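A.B. asks: Pasting a structure here, questions to come.
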Amino acid sequence: DVKVTQSSRYLVKRTGEKVFLECVQDMDHENMFWYRQDPGLGLRLIYFSYDVKMKEKGDIPEGYSVSREKKERFSLILESASTNQTSMYLCASSPPGGGRPYGYTFGSGTRLTVV
Amino acid sequence: GDSVTQMEGPVTLSEEAFLTINCTYTATGYPSLFWYVQYPGEGLQLLLKATKADDKGSNKGFEATYRKETTSFHLEKGSVQVSDSAVYFCALSGTASKLTFGTGTRLQVTL
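Respectively, the protein sequence lines represent chains A and B. Position 29 of the first sequence, counting from 1, maps to 54 under our numbering, and the rest follow consecutively. Position 3 of the second sequence, counting from 1, maps to 578 under our numbering, and the rest follow consecutively.
The following block contains the structure:
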């Protein structure tokens with residue numbers, strides 16, 4: 026079964042820490058995405074990548090960066106965690122084509138709490 | 576640009592009731608349409624999809640028909656179960672290079 030794996034389900038970090046969220050997919054997908062999900066706000070796109078070493082800003086990139094050194098791995102980095110980054114983080118991947126016609130495959134999510 | 580509008584939740588139903596969650600969209604051309612489901616504490620799972628007008632997607636008793644004339648993709652199920660309690664997201668893949676999601680509709684099914 027194809028999978029997108031996020032390294033942690035739950036994470037608690039302190040304000041000011043540098044935080045790495047890891048995502049690995051085994052489907053040889055070109056596209057990878059990072060979203061955050063907050064109550065009442067739905068899914069908001071943080072960053073996405075169409076290829077190795079390529080990245081594009083999404084709707085809310087401030088306070089985040091990403092790294093894609095290998096095709097299967099897409100990392101989200103919080104340079105200096107703040108309490109307003111407490112959220113559920115979702116990684117997804119897809120073949121080329123903007124999600125058409127297969128949609129995205131999502132990981133199980135990482136619930137990050139910054140204290 | 577592309578957009579998806581879903582009915583606001585939460586939707587609360589008794590077990591075995593009929594479910595409709597409305598979804599309408601704005602897009603140019605011929606988008607592909609999707610419904611995703613998110614169970615508590617989990618990521619999103621693809622529930623069903625339709626890639627052209629009049630297509631009907633179906634899975635696990637859920638159905639949705641791609642209606643281009645009304646730009647809609649409403650999700651339906653004839654008899655819901657407690658295990659269907661989740662958040663449901665409508666999404667489209669149009670001219671933008673990525674999926675556009677609705678804000679999600681929470682469904683709660685009670686005994």
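Don't be surprised by glycine CBs; every beta carbon is placed ideally from N, CA and C. Bear in mind that the values here come from a model prediction, so they are computed numbers and not experimental data.
1. Grab me the residues of residue 632 of chain B's own chain with a C-beta within less than 6 Å of its C-beta, minus the 5 sequence neighbours each way, in chain order.
2. Check distances from the C-beta atoms of the segment 638-660 of chain B to those of chain A and list, in chain order, the residues that come in under 8 Å.
3. Answer yes or no: do residue 679 of chain B and residue 664 of chain B have a C-beta to C-beta separation smaller than 8 Å?
4. Which one of A/70, A/49, A/61, A/119 has the shortest CA to CA distance from residue 137 of chain A?
5. Rounded to a whole number of angstroms, what is the C-alpha to C-alpha distance between residue 595 of chain B and residue 605 of chain B?
6. Return yes when the Cβ of residue 118 of chain A is within less than 8 Å of the Cβ of residue 50 of chain A, no when it is not.
7. Between which two residues does the beta strand (DSSP E) holding residue 31 of chain A run?
8. Let's see if you can read the secondary structure: which residues bound the beta strand (DSSP E) around residue 686 of chain B?
9. With DSSP as the reference, label residue 110 of chain A as helix, strand or coil.
10. Cβ of residue 68 of chain A less than 8 Å from any chain B Cβ?
11. What is the rounded straight-line gap between the Cα of residue 579 of chain B and the Cα of residue 586 of chain B?
12. Count the other CB atoms, across all protein chains shown, that sit within 10 Å of the CB of residue 45 of chain A; report buried if there are 16 or more and exposed otherwise.
13. Within 8 Å of any Cβ in chain B, is that where the Cβ of residue 99 of chain A sits?
14. Under the three-state reduction of DSSP, which class applies to residue 579 of chain B: helix, strand or coil?
15. Check distances from the C-beta atoms of the segment 102-133 of chain A to those of chain B and list, in chain order, the residues that come in under 7 Å.
16. Residue 45 of chain A lies in the beta strand (DSSP E); which residues open and close that run?
17. Considering only the alpha carbon of each residue, which of A/131, A/55, A/107 lies closest to residue 76 of chain A?
18. Near residue 617 of chain B, what residues of its chain come up, given a Cβ to Cβ distance below 8 Å and the 5 sequence neighbours on each side ignored?
19. Would you decide whether residue 637 of chain B is buried or exposed? Buried here means 16 or more other CB atoms lie within 10 Å of its CB.
C.D. replies: A quick look at the data gives this:
1. Within the second sequence, residue 632 of chain B is the residue found at index 57, counting from 1. Excluding sequence neighbours, residue 632 of chain B sits near 623, 624, 625, 639.
2. Contact annotation: in the segment 638-660 of chain B, no residue has its CB less than 8 Å from a CB in chain A.
3. If you number the second sequence from 1, residue 679 of chain B lands on position 104. If you number the second sequence from 1, residue 664 of chain B lands on position 89. The beta carbons of residue 679 of chain B and residue 664 of chain B sit closer together than 8 Å.
4. Within the first sequence, numbered from 1, the residue matching residue 137 of chain A stands at position 112. Here the closest residue by C-alpha is A/61.
5. Walking along the second sequence from the start, residue 595 of chain B turns up at place 20. Walking along the second sequence from the start, residue 605 of chain B turns up at place 30. Distance between the alpha carbons of residue 595 of chain B and residue 605 of chain B: 24 Å.
6. Here residue 50 of chain A refers to the residue found at position 25 when the first sequence is read from its first residue. Here residue 118 of chain A refers to the residue found at position 93 when the first sequence is read from its first residue. In contact: residue 50 of chain A and residue 118 of chain A (Cβ atoms closer than 8 Å).
7. Taking the first residue of the first sequence as 1, we reach residue 31 of chain A at position 6. 29-31 is the extent of the beta strand (DSSP E) around residue 31 of chain A.
8. If you number the second sequence from 1, residue 686 of chain B lands on position 111. That residue, residue 686 of chain B, is in no beta strand (DSSP E); it is neither H nor E in DSSP.
9. Numbered from its first residue, the first sequence carries residue 110 of chain A at position 85. Reduced to three states, the DSSP call for residue 110 of chain A is helix.
10. Residue 68 of chain A sits at position 43 when you count from the first residue of the first sequence. Under the Cβ criterion of 8 Å, residue 68 of chain A is counted among the residues facing chain B.
11. Stepping through the second sequence from its first residue, residue 579 of chain B is reached at position 4. Stepping through the second sequence from its first residue, residue 586 of chain B is reached at position 11. Residue 579 of chain B and residue 586 of chain B: Cα-Cα distance of roughly 18 Å.
12. For the purposes of this step, residue 45 of chain A is taken as the residue at position 20 of the first sequence. Under this definition residue 45 of chain A is an exposed residue.
13. In the first sequence, residue 99 of chain A corresponds to position 74, counting from 1. Contacts with chain B at 8 Å (Cβ-Cβ) do not include residue 99 of chain A.
14. Counting from 1 along the second sequence, the entry for residue 579 of chain B is found at position 4. Here residue 579 of chain B sits in strand by DSSP.
15. Within the segment 102-133 of chain A, the qualifying residues are 115, 123, 124, 125, 126, 128, 129, 131, 132, 133.
16. Counting from 1 along the first sequence, the entry for residue 45 of chain A is found at position 20. Per DSSP, residue 45 of chain A is one residue of the beta strand (DSSP E) stretching across 44-50.
17. Position 51 of the first sequence holds residue 76 of chain A. The closest CA to that of residue 76 of chain A, considering only A/131, A/55, A/107, is found on A/55.
18. One-based indexing of the second sequence puts residue 617 of chain B at position 42. Taken in chain order, the list of residues that qualify is empty.
19. Taking the first residue of the second sequence as 1, we reach residue 637 of chain B at position 62. So residue 637 of chain B ends up on the buried side.
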